[in-house]
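Right, one structure below, let's go through it.
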Amino acid sequence: MTERIFIDKQNPKAYHALVQTSEAVRATAAEAGLERTVVELVNLRVSQLNGCAFCLDVHTRAAQRAGEDARRLGVLAAWRDTALFTPLERAALALAEATTLPADAAAQEAAYAEARAVLTDDQISAVIWVAVTINAFNRVSVLSKHPVR
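Numbering (the working numbering), first residue to last: 208 to 356.
Here it is in structure tokens:
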């Protein structure tokens, strides 16, 4: 395997700007009334879709610190097939998936319609920003091959 450059270390100013964006997005989500567990579920689901082991590790621990249940974390990849998630969480997860996989226009429209029925405008915007931000972190970690410690 070719040795990877940790791009966060190679260009710390750019990475710091991404961290600052993440902090602003987390504050936006809180202001919109989204619980930290919802934010972490979105972070985890997007990281699952992107295959980012490093981010899965980081956000599993963050979700647990926020009070998330291990059982729900264990079935998150199959969230559509269980009643363990609230309508708000389901709408957020669908919208996060649509943000991560935008080429599926029909799924995107369905997710957005579900979000409009359950989430406020501020919450929709916050969920999309959370998904956009974790997607960026996933790219940094996957392409840098950040190890899970």
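Yeah, the Cβ is synthetic: ideal placement off N, Cα and C, and Gly gets one too.
Which class does V226 belong to by DSSP, given the choice of helix, strand or coil? helix
If we call anything under 9 Å between Cβ atoms a contact, is A224 one with V337? no
Using C-beta distances below 8 Å, list every residue in its chain close to I212, excluding the 5 sequence neighbours before and after it, in chain order. S351
Less than 8 Å between the CB of S229 and some heavy atom of the ligand ADP, yes or no? No copy of the ligand ADP appears in this structure; indeed no ligand is present at all.
Between the beta-carbon of Q271 and the beta-carbon of L263, is there less than 9 Å? no
Is P294 helix, strand or coil when you go by DSSP? helix
Given this structure, state the Cα-to-Cα distance separating A314 from E210, to the nearest angstrom. 37 Å
Count the other C-beta atoms from every protein chain shown that fall within 10 angstroms of the C-beta of T293, then say buried if there are 16 or more, exposed otherwise. exposed
Output needed for N250: all residues of its chain with C-beta closer than 6 Å, excluding positions within five of it in sequence on either side, in chain order. Contacts found: H266 and I341.
Provide the residue span of the alpha helix (DSSP H) that contains V329, from first to last. Reading the sequence as shown, one finds Asp at residue 329 and not Val. For D329, the enclosing alpha helix (DSSP H) covers residues D328 to S351.
Going by beta carbon distance, what residues of the same chain come within less than 6 Å of A301, once the five residues before and after it are set aside? A318 and E321
Using beta-carbon positions only, say whether R243 and A273 come within less than 9 Å of one another. yes
Only counting the same chain, and skipping five residues up and downstream in sequence, which positions put a Cβ closer than 6 Å to that of L295? Residues of the same chain with a CB within less than 6 Å of the CB of L295, apart from the 5 flanking positions on each side, are V325 in chain order.
Presumed contact (8 Å Cβ cut-off) between E316 and R252, rounded CB distance: Actually they do not touch by this definition, with Cβ atoms about 19 Å apart.
Presumed contact (8 Å Cβ cut-off) between A333 and L241, rounded CB distance: 6 Å
Can you tell me whether L308 is helix, strand or coil according to DSSP? Reduced to three states, the DSSP call for L308 is coil.
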